[in-house]
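Engineer: Below: one structure in structure tokens.
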Amino acid sequence: MAPLREGERIPELKVTPDRYVTYRYAGASGDFNPIHIDEEFAKQVGLPGRILHGLWTMAQVARAAEQAAGGPQRLRRLAVQFRGLGMLEQEIAISGSVREVREGVAVVELEADQGGNKIIRNGEAELALE
Amino acid sequence: MPVKTEAIGKEYPSATYAVGREKVREYAAAVGETDPIHTEVEAARAAGFADVVAPPMFAVVYSAPVMAPAIFDPEVGIDFPTMVHGGQEFVWGEPVVAGDEITTTASVKDISERDGMGFYVFETVSRNQRDETVCTASWTNIVRGV
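Which chain is which? The protein sequence lines are A and B, in order.
Per my numbering, the very first residue in the first sequence carries number 28; after that it's consecutive.
Per my numbering, the very first residue in the second sequence carries number 2; after that it's consecutive.
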């Protein structure tokens, strides 16, 4: 586990949501908004099709932060802004860099990119260093 | 049409969620969390926890029973077909493990309008059965064309 230092990038996390992930996430989270699970409904409301749950994508940002910190219990805070639509079956890359290290906490800036579309911006994580 | 702001400060009845081992495993699988402390009791105990540990973002699950009535509250007046999830913040405290009972309260933190969009910010505070804070969260929903 390399220490987190100011200015350094964290390991990139790449994940490709399969076409059924929104069903699994709906069941796991209880969020059955039809824009995530009903192709016809999604198109009727002007979307290209079913879209990812934003909070599923945020969970991927959380995973990237946890892996950089050395474990899930080190994630103390995560704030994000959702932008654009998260699509199924297209790779998402989570990247980030350490903005500052102070008093045993590393502050990491994060974003989620899907085919050039920043679906999560201005992510900010606080990671306990020990 | 300006947004209604009368609901700012409104609080909702708390809801208690019992964290189950299989629910933690189901959630971990759905988001791709593979650390064995989320799925294997022995691994969790070896790491010093009483039972399998909920991933941090499991906060979504135990907050849902109190967030749903808040978002659907007619006094808040969110227009659902034009609502998007704009932003989210979680601050975590004590870890959550299977067997915990998490009680969450919700309130309307702010309602405002900017550039023809309505911003609805809710705050939740979740505590375990020992009254330790496990998570505080800020949920921002945006409604276009208010």
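Ideal placement from N, C-alpha and C gives every residue a C-beta, glycine not left out.
Since we're looking at a predicted model, the values are computed, not measured.
Ser113(B) to Arg145(B), Cα distance in whole Å?
Structural biologist: Going from the Cα of Ser113(B) to the Cα of Arg145(B) covers about 12 Å.
Engineer: Report the option in Cys136(B), Thr35(B), Val126(B) and Lys110(B) whose CA atom is closest to the CA atom of Arg90(A).
Structural biologist: Here the closest residue by C-alpha is Thr35(B).
Engineer: Look at the Cβ atom of Val88(A), then the Cβ atom of Leu105(A), and state whether they are nearer than 8 Å.
Structural biologist: Going by C-beta atoms, Val88(A) is nearer than 8 Å to Leu105(A).
Engineer: Is Thr40(B) helix, strand or coil when you go by DSSP?
Structural biologist: Coil, per DSSP.
Engineer: So, helix, strand or coil for Ile72(B), using DSSP?
Structural biologist: Three-state DSSP puts Ile72(B) in a helix.
Engineer: Does any CB atom of chain A fall closer than 8 Å to the CB of Val126(B)?
Structural biologist: No, Val126(B) lies away from the interface with chain A (no Cβ there is under 8 Å from its Cβ).
Engineer: So what's Ile37(A) in DSSP terms, helix, strand or just coil?
Structural biologist: It is coil, neither helix nor strand.
Engineer: Figure out for me which residue from Asp111(B), Glu90(B), Trp93(B) and Arg22(B) has the closest Cα to the Cα of Ala71(B).
Structural biologist: Taking only the C-alpha atoms, the option nearest Ala71(B) is Asp111(B).
Engineer: Please determine if the segment 48–56 of chain B and the segment 93–108 of chain B are in contact, where contact requires at least 3 C-beta pairs separated by less than 8 Å.
Structural biologist: Cβ pair count under 8 Å is three or more, so yes.
Engineer: Check each candidate in Ala138(B), Glu133(B) and Ala45(B) and name the one with the smallest Cα separation from Phe123(B).
Structural biologist: Here the closest residue by C-alpha is Ala138(B).
Engineer: Going along the chain, which residues of the segment 84–103 of chain A sit with their C-beta nearer than 8 Å to a C-beta in chain B?
Structural biologist: Going along the segment 84–103 of chain A in chain order, one finds Met85, Ala86, Gln87, Ala89, Arg90, Glu93, Gly98, Pro99, Gln100, Leu102 and Arg103 with a Cβ nearer than 8 Å to chain B.
Engineer: Just confirm the distance between the C-beta atoms of Ile121(A) and Glu35(A), as a whole number of angstroms; I'd bet it's less than 8 Å.
Structural biologist: Contact flag wrong, Cβ pair sits at about 16 Å.
Engineer: Taking C-beta pairs closer than 9 Å, name the residues in chain B that Gln108(A) reaches, listed in chain order.
Structural biologist: Near Gln108(A) (Cβ distances below 9 Å), the residues of chain B are Gly87, Gly88, Gln89 and Thr141.
Engineer: Give me, in chain order, the residues of the same chain whose beta-carbon lies closer than 6 Å to that of Gly81(A); leave out the 5 immediate sequence neighbours on both sides.
Structural biologist: Same-chain partners within the cutoff: Phe109.
Engineer: May I ask which residues mark the beginning and end of the beta strand (DSSP E) holding Val72(A)?
Structural biologist: Premise fails: Val72(A) is in no beta strand (DSSP E) and is neither H nor E.
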